[in-house]
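So the structure is just underneath, and the comments pick up after that.
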Amino acid sequence: MIDRDRRVNATDFGVWVSEYDAVGIDARHRPPQAAIEQARGCAFVVCSSLPRSLESARALGMENIGACEPLFREMGMPYANWRFPRLGLAVWSVLFRLMWAVGYSANAEPFKEARERARACAERLADLASLHGTVLLVGHGSLNWFIARYLKSMGWKGPRKSPRKHWDFAVYCHQAT
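Basically this note's numbering = 1-based index in the sequence shown + 3.
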């Protein structure tokens, strides 16, 4: 569980991000039945290499993971090596994500490279869908948003807005021409 009131300096925020990436999911927060049913209909499962992605797939009832690839990991969160000020985790998250979008990338992959990785993810998913029919990606927030944009630019149809909450999902379809 994330303690959103915890106040840390920027360096400790970086430590927290690393720790967060190393842990799995909170077992008390189960996926909704609609997500489980949607997952069951997929022929191939793709996860990132982060523990929470693999555990989420298992919570959805997916035991046979077709691909577990670092390509699909969350977009890295930059952070600075500052001792002051001490701010809440949510404040640092928003601040560093905004700074990252305008070019600050200390301790993280640059924004432009992350966007290119999202494009590669969309292409990989399209390839997997052509091989397997239906593909479930158990992914991560920011990356999912960019993947959705690239899938749409490749002719895939999906919801106007990408889901933002834990366990939310979206379905994207491609019509052969």
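For every residue, glycine included, the Cβ atom is placed at its ideal position computed from N, Cα and C.
query, result
"By Cβ distance, which residues of its chain are closer than 7 angstroms to Asp8, with the 5 residues on each side in sequence left out?", "Gly91"
"Can you tell me which of Gly64, Leu57 and Ala129 puts its alpha carbon nearest to the alpha carbon of Asp24?", "Leu57"
"If we ignore side chains and look at the alpha-carbon of each, how far apart do Gly69 and Leu128 end up?", "12 angstroms"
"Between the Cα of Cys45 and those of Val26, Glu66 and His32, spot the shortest distance and give me the residue it belongs to.", "Glu66"
"Using 8 angstroms as the threshold, is the region 31–39 in touch with the region 107–119, meaning 3 or more CB pairs across them?", "no"
"Give me the DSSP bridge partner(s) of Cys45.", "DSSP lists no partner for Cys45."
"Which first and last residues belong to the alpha helix (DSSP H) in which Leu139 is found?", "No alpha helix (DSSP H) holds Leu139; the beta strand (DSSP E) holding it covers Val138 to Val141."
"Counting C-beta neighbours from all protein chains within 10 Å, is the total for His143 16 or more, i.e. buried, or is it exposed?", "buried"
"Cβ atoms of Ala117 and Tyr153: under 7 angstroms apart, would you say?", "no"
"By DSSP, does Lys160 sit in helix, in strand, or in coil?", "strand"
"I want to know whether the region 149–166 touches the region 79–88 - three or more CB-CB distances under 8 angstroms.", "no"
"Since Glu72 and Ser52 are thought to touch, with beta carbons under 8 angstroms apart, how far apart are those beta carbons, to the nearest angstrom?", "7 angstroms"
"Do you know offhand how far Met80's Cα is from Val20's?", "7 angstroms"
"Is the Cβ-Cβ distance between Ala42 and Leu139 less than 7 angstroms?", "yes"
"Candidates Ser145, Phe16 and Trp159: which alpha carbon is nearest Asp168's?", "As written in the sequence, residue 168 is Lys, which differs from the Asp given in the question. Minimum Cα distance to Lys168 is reached at Ser145."
"Looking only at C-alpha atoms, which of Ser165, Lys160, Leu134 and Lys164 sits nearest to Gln178?", "Lys160"
"Mapping the DSSP letters down to three states, classify Leu90 as helix, strand or coil.", "strand"
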